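Engineer: Residue numbers (the working numbering), protein chains in the order written: chain A, 1 to 260; chain B, 261 to 520.
Please read through the structure below; I'll follow up with questions.
There are 2 protein chains.
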Amino acid sequence: MISHGNNRKLLTPEREALILEALGNGVRTISELAATLQVSEATVRRDLRTLEQRGELQRVHGGAVRVDEGTKRELLFHEKATLRADEKERIAEAALGLIENGDSVYLDGGSTVLALARKLESRRELTVVTNSLMAAAELMESGHKLILLGGEFRPLSRTLVGPLTSPIGEALHIGKAFFGTIGLTASGVSTTDPGEAFTKKLILGRAEQAILLADSGKFGRTSLVEAGKLDDFDIVVTDSGAPSELQKILKKNKIKLIMA
Amino acid sequence: MISHGNNRKLLTPEREALILEALGNGVRTISELAATLQVSEATVRRDLRTLEQRGELQRVHGGAVRVDEGTKRELLFHEKATLRADEKERIAEAALGLIENGDSVYLDGGSTVLALARKLESRRELTVVTNSLMAAAELMESGHKLILLGGEFRPLSRTLVGPLTSPIGEALHIGKAFFGTIGLTASGVSTTDPGEAFTKKLILGRAEQAILLADSGKFGRTSLVEAGKLDDFDIVVTDSGAPSELQKILKKNKIKLIMA
DNA sequence: TTTATTTTTGCAAGTTTATGAAAGAATTTG
DNA sequence: CAAATTCTTTCATAAACTTGCAAAAATAAA
Chain A
1 MISHGNNRKL LTPEREALIL EALGNGVRTI SELAATLQVS EATVRRDLRT LEQRGELQRV
61 HGGAVRVDEG TKRELLFHEK ATLRADEKER IAEAALGLIE NGDSVYLDGG STVLALARKL
121 ESRRELTVVT NSLMAAAELM ESGHKLILLG GEFRPLSRTL VGPLTSPIGE ALHIGKAFFG
181 TIGLTASGVS TTDPGEAFTK KLILGRAEQA ILLADSGKFG RTSLVEAGKL DDFDIVVTDS
241 GAPSELQKIL KKNKIKLIMA
Chain B
261 MISHGNNRKL LTPEREALIL EALGNGVRTI SELAATLQVS EATVRRDLRT LEQRGELQRV
321 HGGAVRVDEG TKRELLFHEK ATLRADEKER IAEAALGLIE NGDSVYLDGG STVLALARKL
381 ESRRELTVVT NSLMAAAELM ESGHKLILLG GEFRPLSRTL VGPLTSPIGE ALHIGKAFFG
441 TIGLTASGVS TTDPGEAFTK KLILGRAEQA ILLADSGKFG RTSLVEAGKL DDFDIVVTDS
501 GAPSELQKIL KKNKIKLIMA
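Shown next as structure tokens:
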């Protein structure tokens, strides 16, 4: 098989370290990096793409910036919201198509799901259940019936998570549940926080229909805690940049794929 | 594809930082920024547009102003103008005196209790349980442990109310609970919404110590639903305008009165 | 070790993105 | 309400990016 783009297995840890060191904490241009590493610019780009998928750094036009402060911390809320905003917008639009007036829906945390929340004004008489304070703020004056899961507040994602969410979660009947994720692989979705994973699983087990919203950057990434198997989901909505590999995996699991 | 306006993927973080720094906290004109950043005015305009979309700054004719953190939050949960702001402020200050580091407190809805929430930055390691989204927004980045009651959202008061709040409420142990009210008479407190009353009673029955924050305007008023007997409360905090009649009634019920 | 297979790399062609200049629309100001 | 300034839109261009291919390197198999 011809390898290009992102099918590469791995990057030598040696060069990975070199790149990250070269980046320091500022921005480096591609040509600078190519000179430092003694490789072509094309190779640098491929390396950066790989490292971006792992969440180690953030590519920008002309170069890359290191993303972590200390170690792999999760991005702050508003930083995340501005990444791949275009893709997220399109994914949200496609997801909106799945919602009809009168539905009862669940909205998980995450910026893609938040983009969907903003579009719900165009529907009537929804019952919206959510664990996201941002989504709640967005829907406060929407006229929809709004129910918040209780629980412990997690500042990083601005969601309510953990065991305290279960009594309420168990009391509710949810039609369509929309989830975001940090990472998505053949084995399932993963997220950084155990409490977050707990609540995802809880709702995942109770919704009639589970829908995953994940932009193409999420594919191939894993995070700390497993939050659900791939076949827990009925539909996956992603953008056109998604690798064809994903299509195969979904087909095998009989999951419907929507490309926005 | 021709790129203009806002199709750009992202702005290098480098220049983003420069712009925000250049803005400082005053207004900068486009030409000033263009000179500082060594780019054309057209580019500055595009950058500003992008940053405005992210909510980082506010464009004005001729330049841009930075949006500060406080304003950002208010965009989400803008507060209605409050009556008797002075009294409420003093009551909140007095109530703060009842809270010690490490306490577990409950915050009810209402503007007086919200004023208290704003003061909690001065304490450490609190566990704050609340049914108020306004209070939650206020405490989001406080570092305190924050737990939200789940339940149905009531837009008017921006609180979570009704039977769905009971499973979580029953699972929690609460030290000091602070309540607001609409009306306060010798027979007890009352409020406009049955769901609101339900949740008040629920917590009232579970807190070790129940504290009522009520400015003098509340006395003598009744509202639709009874939300608690007077002797359910241990402490009442009010302002100096409170009628002496109240003192007598409280004394009879052996309730401590704090005049702010 | 040699051979077969997979993975990585550099180059080049084609595409996308960022930027500055310029023309026309909108706003402010006198 | 007219002049001046600022804004938006369009266009051209250069720089950056992606993708396909073939050669080189690394890995696995014989």
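Cβ atoms here follow ideal geometry from the backbone N, Cα and C, with glycine treated the same way.
Values in this document were obtained by computation on a predicted structure and should not be read as measured data.
Per the contact definition of three or more C-beta pairs closer than 8 Å, is the region 436-447 of chain B in contact with the region 310-321 of chain B?
Structural biologist: With the cut-off at 8 Å, the region 310-321 of chain B and the region 436-447 of chain B do not touch.
Engineer: Using a beta-carbon distance below 8 Å, is Met-400 (chain B) in contact with chain A?
Structural biologist: At least one chain A Cβ lies under 8 Å of Met-400 (chain B).
Engineer: Report yes or no: is there a C-beta of chain B within less than 8 Å of the C-beta of Pro-167 (chain A)?
Structural biologist: Judged by the 8 Å Cβ criterion, Pro-167 (chain A) is in contact with chain B.
Engineer: Run through DSSP, which three-state label would Val-113 (chain A) get?
Structural biologist: Of the three classes helix, strand and coil, the one that applies to Val-113 (chain A) here is helix, per DSSP.
Engineer: Is the beta carbon of Glu-125 (chain A) sitting closer than 8 Å to the one on Gly-110 (chain A)?
Structural biologist: No. Outside cutoff.
Engineer: Less than 8 Å between the beta carbons of Ile-147 (chain A) and Glu-456 (chain B), yes or no?
Structural biologist: Their beta carbons are not under 8 Å apart, which means Ile-147 (chain A) does not touch Glu-456 (chain B) by this criterion.
Engineer: Can you check whether the CB of Leu-139 (chain A) is closer than 8 Å to the CB of Val-128 (chain A)?
Structural biologist: Yes.
Engineer: Quick check: Arg-59 (chain A) and Leu-20 (chain A), are their CB atoms within less than 8 Å of each other?
Structural biologist: The answer is no: Cβ separation not under 8 Å.
Engineer: Could you work out which residues of chain B lie near Val-113 (chain A), taking near to mean beta carbons separated by less than 8 Å?
Structural biologist: In chain order: nothing, as chain B lies at least about 16 Å away.
Engineer: Of the residues A:Asp-239, A:Lys-201, A:Thr-222, A:Met-259, which one's Cα is nearest the Cα of Asp-231 (chain A)?
Structural biologist: Nearest C-alpha to Asp-231 (chain A): A:Lys-201.
Engineer: In terms of residues, what are the limits of the beta strand (DSSP E) holding Lys-478 (chain B)?
Structural biologist: Run containing Lys-478 (chain B): none; DSSP gives neither H nor E here.
Engineer: Check Gly-188 (chain A) in the structure and name its three-state DSSP category.
Structural biologist: Gly-188 (chain A): strand per DSSP, three-state reduction.
Engineer: Rounding to the nearest angstrom, what Cα-Cα distance links Gly-24 (chain A) and Ala-470 (chain B) in this structure?
Structural biologist: C-alpha separation (whole angstroms): 54 Å.
Engineer: Tell me, which residues are paired with Ser-364 (chain B) by DSSP?
Structural biologist: According to DSSP, which records beta bridges pairwise, Ser-364 (chain B) is partnered with B:Thr-387.
Engineer: Is there a Cβ of chain A sitting closer than 8 Å to that of Ile-407 (chain B), yes or no?
Structural biologist: Yes - at least one Cβ of chain A is within 8 Å of the one on Ile-407 (chain B).
Engineer: With a CB to CB cut of under 6 Å and the five nearest residues on each side skipped, what residues in its chain are close to Glu-87 (chain A)?
Structural biologist: So the qualifying residues of the chain are Asp-215, Asp-239.
Engineer: Residues of chain A with CB closer than 7 Å to the CB of Pro-415 (chain B), please, in chain order.
Structural biologist: Per Cβ cutoff of 7 Å: Met-140, Glu-141.
Engineer: Report the three-state DSSP secondary structure of Leu-308 (chain B) (helix, strand or coil).
Structural biologist: In this structure, Leu-308 (chain B) counts as helix in the three-state DSSP scheme.
Engineer: With respect to the alpha helix (DSSP H) encompassing Lys-514 (chain B), which residues constitute its N-terminal and C-terminal limits?
Structural biologist: Unbroken run through Lys-514 (chain B): none, as it is neither H nor E.
Engineer: With DSSP collapsed to three states, give me the class of Ala-22 (chain A).
Structural biologist: If DSSP states are grouped into helix, strand and coil, Ala-22 (chain A) belongs with the helices.
Engineer: Using a Cβ cut-off of 9 Å, pull out every chain B residue sitting near Val-44 (chain A), in sequence order please.
Structural biologist: None at all; the shortest Cβ gap to chain B is about 17 Å.
Engineer: Would you call the CB atoms of Ala-260 (chain A) and Glu-93 (chain A) closer than 8 Å?
Structural biologist: For Ala-260 (chain A) and Glu-93 (chain A), yes; Cβs fall inside 8 Å.
Engineer: When burial is assigned at 16 or more other CB atoms within 10 Å of the CB, is Ala-302 (chain B) buried or exposed?
Structural biologist: Classification of Ala-302 (chain B): exposed, given that the 10 Å Cβ count is below 16.
Engineer: Do Gly-150 (chain A) and Leu-164 (chain A) have their C-beta atoms closer together than 8 Å?
Structural biologist: Taking 8 Å as the Cβ cut-off, Gly-150 (chain A) and Leu-164 (chain A) qualify as a contacting pair.
Engineer: List the residues of chain B that Glu-152 (chain A) touches, going by C-beta distances under 9 Å, in chain order.
Structural biologist: Result: Lys-405, Leu-406, Ile-407, Leu-408.
Engineer: Would you kindly report the start and end of the unbroken beta strand (DSSP E) that includes Thr-482 (chain B)?
Structural biologist: Counting along the chain, Thr-482 (chain B) falls outside any beta strand (DSSP E), and DSSP gives it neither H nor E.
Engineer: Keeping to the same chain, check which residues put their C-beta closer than 7 Å to that of Lys-72 (chain A); ignore five residues upstream and five downstream.
Structural biologist: With a pLDDT of only 43 at Lys-72 (chain A), under 50, the local geometry of the prediction cannot be trusted, and the value read off the model is given with reservation. Only Gly-55 meet the Cβ criterion.
Engineer: Mind listing the chain A neighbours of Arg-418 (chain B)? Cutoff is C-beta to C-beta under 8 Å, in chain order.
Structural biologist: Under the 8 Å cutoff, chain A gives Met-140.
Engineer: Using CA atoms only, rank isn't needed, just tell me which of A:Gly-183, A:Ala-177, A:Thr-192 is closest to Leu-204 (chain A).
Structural biologist: When only C-alpha atoms are compared, the closest one is A:Ala-177.
Engineer: If you draw a straight line from the alpha carbon of Lys-248 (chain A) to that of Gly-403 (chain B), how long is it in whole angstroms?
Structural biologist: Their backbone Cα atoms lie some 44 Å apart in a straight line.
Engineer: Kindly indicate the opening and closing residues of the alpha helix (DSSP H) around Glu-170 (chain A).
Structural biologist: Taken as a continuous stretch (DSSP letters only), the alpha helix (DSSP H) holding Glu-170 (chain A) covers 166-171.
Engineer: DSSP three-state call for Glu-74 (chain A): helix, strand or coil?
Structural biologist: Any reading at Glu-74 (chain A) must be qualified, since the residue scores a pLDDT of 49, below 50, and its modelled position is unreliable; no value is offered.
Engineer: Looking at Ile-182 (chain A): is its Cβ nearer than 8 Å to the Cβ of Tyr-106 (chain A)?
Structural biologist: No, the Cβ-Cβ distance between Ile-182 (chain A) and Tyr-106 (chain A) is not below 8 Å.
Engineer: Suppose contacts are defined by Cβ-Cβ distances below 8 Å. Is Arg-383 (chain B) in contact with Ile-351 (chain B) by that definition?
Structural biologist: Not closer than 8 Å, so no.
Engineer: Compute the Euclidean distance between the alpha carbons of Met-134 (chain A) and Leu-114 (chain A), then round it to the nearest angstrom.
Structural biologist: If I take the Cα positions, the gap works out to 7 Å.
Engineer: Under the assumption that Leu-48 (chain A) contacts Leu-57 (chain A) (Cβ atoms under 8 Å), give the Cβ distance between them as a whole number of angstroms.
Structural biologist: Indeed, because the Cβ distance is near 7 Å, the residues count as touching under 8 Å.
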